[in-house]
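In the UniProt record's numbering, the protein residues as written are 1 to 675.
Below you can see the structure in the form of structure tokens.
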């Protein structure tokens, strides 16, 4: 059937079959409530608790806008609260749309605004009690159910029959047909229309408010197509539309579609921005250049904006989108520029936080949150370290989120033990990237750079470390480290025994490695893989919950002042990634480093139970291997595939192991990690 012939379908059990042309006549809107409804628009939201705020950073001489929150405990309750504010005297018509998916209600907002009623949200299977109660309060003569039975079931819709004289369903076979049907059933004519993608909601939320203010429909289209479909074209012709607002960039509405629409004689205006927040600003600036009130809805959750768009538009107010924890900077700036007298924040504090209600922009919010988080972690570290026997330098860098950076003696040069080997691996891979070396180049020992680097990281081999230092040159490495900002890291001789680093240098290196700015993509992946496979997991990794990924480089060394224990790496926690380095001396212990690791993890992720544990036998034979009495030589004993192996030392690619009660050397390629 052509779109021109579509009509509303009466829901089974309702008392009357209503044709669309009989339900949208202007006379049906001019009811006993018309004056009250008009008054409600003027007095919209008056009477709520208002809070004066200064978070926008506006001119102190200008009056700060008053802010109120309109929200409920659920998305359905929020739609009810919006309805109460917008229609305190009731409404002749109520639109009921899915609160579980967004497409149907996008076109319903302007339709409801034109008809003079709210949009209430519902579950698919049943009308929530709070929504039923609000419909009873509104006392409408007509209810329009938007969308097919996949959106609102017949069972749910049938329960509305006693709440209004007529209950009708406006729907199609899919979201695009439903959108056209809602428009056809609601609009006699329109000079303008808003076209928005049917595959995402953010752009359309703000567009729905603008369309509601201009008595224009919102029509969902397949934005990636080269042109609108024939049914949409027919609908635009029927309505008499000459001006089209295209919402979003070419990824939402293609450039080809825009070109085709212009060729068809439409005047087109694209309203878009770099992101959903900027697009909402572009729409607000186009439709509401000087609003007295603005609305703010979540940019990451659709329900609150769906129910509020029609009310906002009818009152001449734009709908902005924001992040949940703080007011998006560009939104805060635009609100300051427009200087409204009032701001309405939609939804509960889960949708939009108290800081959004204070109009605290995200730059200000993040700075405050970052400072508080850093101070808290610093205090925790100070208290914890005071209880330890060992002396520790600690550095932590959050690699996402607020980007916190905390250190306790992080710039102090200390003996890093084998943790410095990550710098040696980096120096070697840097030369592979620039063509000085190849991974197959052989060192003086005859071992390739690839194999020596693996042994140096996998089991912390000292011989390969020395081989790489001698090949590259300690002075060359020191120059490289200094030039790239690692001022506390250097070798004082061409051997393993003379070196220094800082916890801050180690976390800086690790943060650059994780960001992909340290090396080429292939070398980055190679080094991260090596660090992920190293077998010593009794320090940072042992302070994490089971299953939390990390890659680190550990170190251990005995000095006359006591045991040195170190570890540095990156942890991928549920609340984000962070780099951590711990350099301990004066009889430092693995357990104390594990406790530091746990403290840092819990700072961002909360307390957890038992930490991860790793077997003493770290490796397993992956084939039949020879257990030799010396590296590469001596008598051999065959060890079968699948034997559990504990590695305790190494001589380049020959690992000194304990297997089946025997000790000896096994070549590294015959062994695989157990974890």
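From the three backbone atoms N, C-alpha and C, an ideal C-beta is built for every residue, glycine too. Computed from a predicted structure; not experimentally measured.
Rounded distance between the beta-carbons of residue 330 and residue 278, thought under 8 Å: Indexing the chain shown from 1 puts residue 278 at position 278. Indexing the chain shown from 1 puts residue 330 at position 330. Residue 278 to residue 330, Cβ: 6 Å. Contact.
Beta-carbon spacing of residue 179, residue 144 below 8 Å: Taking the chain shown and counting its residues from 1, the one referred to as residue 179 is at position 179. Taking the chain shown and counting its residues from 1, the one referred to as residue 144 is at position 144. Not closer than 8 Å, so no.
Cα-Cα separation, residue 527 to residue 69: Taking the chain shown and counting its residues from 1, the one referred to as residue 527 is at position 527. Taking the chain shown and counting its residues from 1, the one referred to as residue 69 is at position 69. Rounded to whole angstroms, residue 527 to residue 69 spans 50 Å at the Cα level.
Residue 406: first and last residue of the uninterrupted beta strand (DSSP E) it sits in: Here residue 406 corresponds to residue number 406 of the chain shown, with the count starting at 1. Looking at the DSSP string, the run of the beta strand (DSSP E) that includes residue 406 is 405-408.
Residues bridged to residue 638 [DSSP beta-bridge criterion]: To locate residue 638, count along the chain shown from 1; it is residue 638. Its beta-bridge partners are 626.
Stretch pair the region 124-138 + the region 70-84: three plus CB contacts closer than 8 Å: yes
Alpha carbon of residue 257 to alpha carbon of residue 251, nearest angstrom: The residue you call residue 257 lines up with position 257 of the chain shown. The residue you call residue 251 lines up with position 251 of the chain shown. Spanning the two alpha carbons is a distance of roughly 11 Å.
Nearest-angstrom Cα separation, counted from residue 204 out to residue 518: Taking the chain shown and counting its residues from 1, one reaches residue 518 at position 518. Taking the chain shown and counting its residues from 1, one reaches residue 204 at position 204. Going by the C-alpha atoms only, they are around 41 Å apart.
Residues sharing a beta bridge with residue 397, DSSP: Taking the first residue of the chain shown as 1, we reach residue 397 at position 397. 405, 579.
Helix, strand or coil at residue 22 [DSSP, three-state]: Locating residue 22 in the chain shown gives position 22, where the first residue counts as 1. Caution applies to residue 22, whose pLDDT of 31 falls short of 50 and renders its modelled position unreliable; the value that the coordinates give is listed next. Helix, per DSSP.
Cβ neighbour criterion (16 or more within 10 Å) applied to residue 650: Your numbering for residue 650 matches position 650 in the chain shown. Buried is the call here.
Contained alpha helix (DSSP H) runs [length at least 4] in the region 64-114, N- to C-terminal order: 75-86
Among 502, 191, 425, 401, nearest to residue 470 - alpha-carbon criterion: As a working mapping, residue 470 is identified with position 470 in the chain shown. Ranking 502, 191, 425, 401 by CA distance to the CA of residue 470 puts 425 first.
Backbone CA spacing between residue 653 and residue 611 [nearest angstrom]: Sequence index remark: in the chain shown, residue 653 carries index 653 (1-based). Sequence index remark: in the chain shown, residue 611 carries index 611 (1-based). The alpha-carbon atoms of residue 653 and residue 611 are separated by roughly 32 Å.
Other residues of its chain near residue 309: CB distance less than 7 Å, five sequence neighbours each side excluded: On the chain shown, residue 309 is found 309 positions in, with the first residue counted as 1. Here the set comprises 109, 205, 208, 209, 212, 319.
Per-residue burial, residue 666 [other beta carbons within 10 Å of its own, 16 or more giving buried]: One-based indexing of the chain shown puts residue 666 at position 666. Classification of residue 666: buried, given that the 10 Å Cβ count is 16 or more.
Straight-line gap, residue 375 to residue 488 (C-alpha atoms, nearest Å): Sequence index remark: in the chain shown, residue 375 carries index 375 (1-based). Sequence index remark: in the chain shown, residue 488 carries index 488 (1-based). For residue 375 and residue 488, the distance between alpha carbons rounds to 25 Å.
C-beta neighbour in chain D for residue 213, strict 8 Å: Although the question refers to chain D, the structure presented lacks it and comprises just one protein chain.
Euclidean distance between Cα positions of residue 587 and residue 635: To locate residue 587, count along the chain shown from 1; it is residue 587. To locate residue 635, count along the chain shown from 1; it is residue 635. Distance between the alpha carbons of residue 587 and residue 635: 39 Å.
Presumed contact (8 Å Cβ cut-off) between residue 576 and residue 401, rounded CB distance: By 1-based counting over the chain shown, the position of residue 576 is 576. By 1-based counting over the chain shown, the position of residue 401 is 401. So it is a contact: roughly 5 Å between Cβ atoms.
C-alpha gap between residue 101 and residue 322, whole angstroms: Along the chain shown, one-based indexing puts residue 101 at 101. Along the chain shown, one-based indexing puts residue 322 at 322. In a straight line, the C-alpha of residue 101 is about 20 Å away from that of residue 322.
Residue 482 versus residue 459: straight-line alpha-carbon distance, rounded: The count along the chain shown starts at 1 and reaches residue 482 at position 482. The count along the chain shown starts at 1 and reaches residue 459 at position 459. So the two alpha carbons sit approximately 28 Å from each other.
Outcome for residue 704 when other beta-carbon atoms lying within 10 angstroms are tallied against a minimum of 16: Any question about residue 704 goes unanswered here, given that the chain covers just 1 to 675.
Where residue 563 sits in the DSSP three-state scheme: Locating residue 563 in the chain shown gives position 563, counting from the first residue. Strand, per DSSP.
Residue 379 classed as buried or exposed, judged by whether at least 16 other C-beta atoms fall within 10 angstroms: Position 379 of the chain shown, counted from the first residue, corresponds to residue 379. Answer is exposed; the Cβ neighbour count stays below 16.
Close beta carbons around residue 280, own chain, < 6 Å, minus the five adjacent residues each side: Position 280 of the chain shown, counting from 1, holds the residue named residue 280. Within the same chain, residue 280 has close Cβ partners 206, 320, 321.
Exposed unless 16 or more other CB atoms sit within 10 angstroms - verdict on residue 118: As a working mapping, residue 118 is identified with position 118 in the chain shown. The residue in question, residue 118, is buried, as its Cβ has 16 or more Cβ neighbours within 10 Å.
Inter-residue Cα distance where the pair is residue 643 and residue 544: The sequence position of residue 643 within the chain shown is 643, counting from 1. The sequence position of residue 544 within the chain shown is 544, counting from 1. Taking the straight line from one Cα to the other gives about 28 Å.
Reference residue 65, options 105, 328, 409, 360, closest by Cα: The count along the chain shown starts at 1 and reaches residue 65 at position 65. Per the Cα distances, 360.
The region 288-299 in contact with the region 341-361 per 3-pair CB rule at 8 Å: yes
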